[in-house]
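Chemist: Protein chains in written order, with my numbering: chain C, 7 to 260; chain H, 7 to 260. We put the beta carbon where it would ideally sit given N, CA and C, even for glycine.
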DNA sequence: TCATATTCGAGAGCAGTGCTCTCTGTCGAG
DNA sequence: CTCGACAGAGAGCACTGCTCTCGAATATGA
C-alpha cells in the first residue's frame, strides 16, 4: 500500500540514486559500476516494454524481474520502489514527446506549417504510445507528486509551440483575433518569460496555455474513447483543431 | 489479473444484475429482495466513500467488505467483479456531473450567464469530487470498455451546453466568429441532431465538441497539477477559459 | 405443511502483488 | 590480503481479486 510519505521518500531516494541523469556513465570505472548501469538500463527497458504492451496498471516489478531472470528482491537494488520505476518511465515519456515535437519543428518553414507539423507529431507519438501518454497526462498515481526532475523535461513539448509563436511574432505574423482578454493576475508572472529574451504578454501567454491544453486534451479524448460516435474522422478533426487553435493564437490559418 | 474477456463478461453480468437501474425496487416483494437491494446500496455507498477518500486505485472489494463487516466473498453475490463495482461508480459520477450541470442551468437567464454558471458548476463538482472526475475522464482501466449504460448518462453534461447554444441560436444570439471551418466529413452525422428538433451544422457541432473538450480538459489540467506554476489564480483563469470558449461558440462575451 | 430449490454468507484457498529482511557470495579499495 | 561495501537469492508479511465449497436461511411449488 502506498502512503504519501512512502512515495515522497521513494521520489527522494530516486533523486539520490538518479538512474536517469546518468543511465550509462561515460567512463564506468569499475566492472561493478558498468554492470550496474547496464542492469539499470535493462530493467528500465523491460519495464518500458511491459508499459507499452499492458499499461502502467499491469506493470509489476515482479514481472520485470521474471523477464530478466532475477529475483524480485534484486530489482530493489536498482529502483527503491515501483513508484520510482514509474517516475523513470514518466521522465522517458516526457522526453520522448518533447523530442517528437522538437524534431517535427522545421524553423525554416512557415509558422503555420511548423504549428501543424508539431501538432501532428505529438498526436502520432501519442497514438503510438498510448500508455505512455496516459502515464504523463492521465490520472496521476494516488498521492504521487511529480518530482522536480519531471517538470523541466515536461516543458519541452509546450516550449516548442511557444517558440513557433515567438518566431511568428518577431516577424509580425502573430495577430490574435479579438475576444475575451485574460486578466493578468490569472497568470503566473514567471510564465511571461518562458522563452529567454522573448516576452509574451499575459493574454498571449494564456492563449499559449490554452493551445497546449487543447493539444493534450483533444488527444486524450481520442485515446480514451470520448470521441467515439462523435467524430467520424479523427485525423481530420484533429487537423481542424490544430488550425483552430493556431488561428486563436494568431497564426494566419484561413 | 484482468483480461478483456473477463471484463466483458463482468460488464455483461452487470447489465444483467443491473443494480443501478433498480437500486431499491419500489415494491420489494420478498424480504430477500428487500435485503438484497439494501445491501447493494450499502456496498455502493461504502465503495463511494472509499473512492472519494482514496481514489479508484486504492479501492478494493475486500476493504469494502471489511467496512460492512461481511466476508469478501459475500460481496461477489452483489457485484461480480471489482470492475463491475467501478462501472456502477462511473455511472453515478456521470449522473452527478450531469445533474450538477443541469441544476446550474437557469433557462430564464441570458445565454452568457447560463454558460458561465454551468461551467462553474461543473468545475465545482469536479474539485469536490476529484477522484470521481478521474474515474470518468482520466485514464481508463486497462482493457475496460464502457458499457452502453454509461454512454447515455455521459451525455447529460455536454447536452446542457448544447441546449444553451440552441436557445441562443433560436433567438439570434449565436454568432460564432470566423475562423477555420470544420470539414463536415470529420463529424459523425448523428451528432448533428443531438438535440431533438434542433439542427446544428457541422462547424457549430465541432465548436460544441471543442467547448465540451475544453471544459473537461482545463479542469483536468487543474486537478492533475499541470497548471501549477503556470496559472496564479485557477478560478480566474477558468472563468476566462469559459468566456473564451463561449465567445468561440458565438455567445456575446465581450 | 412439507419437501425442494434457490439464495446467501463464511471460510479456505490460489495466484498474484509491493516490499522487507536475512543470508551468502563477490567485488573493490585500502 | 583483508575488510567493508555491494549484489543476488529466498523466505516471509500483508495485501489484492477471485473461486470453490459447505452449511444455513429463505422462497416456492405440491
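1. Which word fits residue 251(C), buried or exposed, when buried means at least 16 other C-beta atoms lie within 10 angstroms of its C-beta?
2. Distance check for residue 215(H) and residue 248(H), CA to CA, integer angstroms please.
3. Could you tell me whether the stretch 127–141 of chain C touches the stretch 169–188 of chain C, using the rule of 3 or more Cβ pairs below 8 Å?
4. Between the stretch 46–55 of chain H and the stretch 116–135 of chain H, do three or more beta carbon pairs fall short of 8 Å?
5. Since I believe residue 217(C) is in contact with residue 167(C) (beta carbons under 8 Å), could you give me their beta-carbon distance rounded to a whole number of angstroms?
6. For residue 32(C), I'd like the list of residues in its chain whose CB is within less than 8 Å of its CB, leaving aside the five on either flank, ordered along the chain.
7. Can you name, in chain order, every residue of its own chain whose Cβ lies under 6 Å from the Cβ of residue 243(C), other than the five neighbours on each side?
8. When you compare only the Cα positions, how much space is there between residue 56(C) and residue 233(C)?
9. Helix, strand or coil for residue 30(C), going by three-state DSSP, please let me know.
10. Inspect the beta-carbon positions of residue 256(C) and residue 182(C) and report whether they are closer than 8 Å.
11. With distances taken between CB atoms, is the gap from residue 71(C) to residue 63(C) smaller than 8 Å?
12. Do residue 219(H) and residue 224(C) count as a contact pair if the criterion is CB distance below 8 Å?
13. Would you say residue 217(C) reaches chain H, if we count a Cβ-Cβ gap shorter than 8 Å as a contact?
14. Show which residues of chain H have a CB atom less than 7 Å away from the CB atom of residue 274(C).
15. What separation, rounded to the nearest whole angstrom, lies between the Cα atoms of residue 165(C) and residue 136(H)?
16. Which residue from 200(C), 195(C), 239(C), 209(C) puts its Cα closest to that of residue 161(C)?
17. Buried or exposed: residue 53(H), going by 16 or more other Cβ atoms within 10 Å of its Cβ?
18. So, residue 106(C) versus residue 131(C), is the Cβ gap smaller than 8 Å?
19. What number of angstroms, rounded off, separates the C-alpha of residue 109(H) from the C-alpha of residue 240(C)?
20. Is there a C-beta anywhere in chain C that falls below 8 Å from the one on residue 82(H)?
21. Give me the Cβ distance between residue 246(H) and residue 192(C), rounded to the nearest whole Å; I'm assuming they're in contact under 8 Å.
22. Whose Cβ in chain H lies nearer than 7 Å to the Cβ of residue 253(C)?
23. Please name the residue or residues paired with residue 101(C) in a DSSP beta bridge.
24. What residue range is occupied by the uninterrupted alpha helix (DSSP H) comprising residue 250(C)?
25. Considering only heavy atoms of the ligand MG, does any lie closer than 7 Å to the CB of residue 80(C)?
26. So who's on the other strand from residue 237(H), going by DSSP bridges?
27. Would residue 250(C) count as contacting chain H if we go by Cβ distances under 8 Å?
28. Mind checking whether residue 144(C) and residue 144(H) have CB atoms under 8 Å apart?
29. Select from 73(H), 155(H), 59(H), 74(H) the residue whose C-alpha is nearest the C-alpha of residue 101(H).
30. Looking at the C-beta of residue 189(H), does it have a partner C-beta in chain C at a distance below 8 Å?
31. Sort out for me which residues DSSP pairs residue 204(H) with in a bridge.
32. Tell me which same chain residues have a C-beta within less than 7 Å of the C-beta of residue 197(C), skipping the five on either side of it?
33. Any beta-carbon of chain H closer than 8 Å to the one on residue 146(C)?
34. Any beta-carbon of chain C closer than 8 Å to the one on residue 246(H)?
35. Would residue 192(C) count as contacting chain H if we go by Cβ distances under 8 Å?
Modeler: Taking the coordinates as given:
1. buried
2. 14 Å
3. no
4. no
5. 6 Å
6. For residue 32(C), the predicted model reports a pLDDT of 48, less than 50, meaning its position is unreliable; a value from the coordinates is still stated below. Excluding sequence neighbours, residue 32(C) sits near nothing in its chain.
7. 237
8. 27 Å
9. With a pLDDT of 42 at residue 30(C), under the threshold of 50, the modelled position of this residue cannot be trusted, and the question is left open.
10. yes
11. no
12. yes
13. Cβ-Cβ to chain H under 8 Å: no for residue 217(C).
14. The requested residue 274(C) does not occur in the structure, where chain C is confined to residues 7 to 260.
15. Cα to Cα, the separation comes out at about 28 Å.
16. 200(C)
17. buried
18. yes
19. 32 Å
20. No, because no Cβ of chain C sits closer than 8 Å to the Cβ of residue 82(H).
21. 6 Å
22. Near residue 253(C) (Cβ distances below 7 Å), the residues of chain H are 185, 186.
23. Residue 101(C) is not bridged to any residue.
24. 240–255
25. Ligands are entirely absent from the displayed structure, and the ligand MG is therefore not among its contents.
26. 193(C)
27. yes
28. Contact: yes.
29. Ranking 73(H), 155(H), 59(H), 74(H) by CA distance to the CA of residue 101(H) puts 155(H) first.
30. yes
31. 201(H)
32. 211
33. yes
34. Residue 246(H) has a beta carbon lying within less than 8 Å of a beta carbon in chain C.
35. yes
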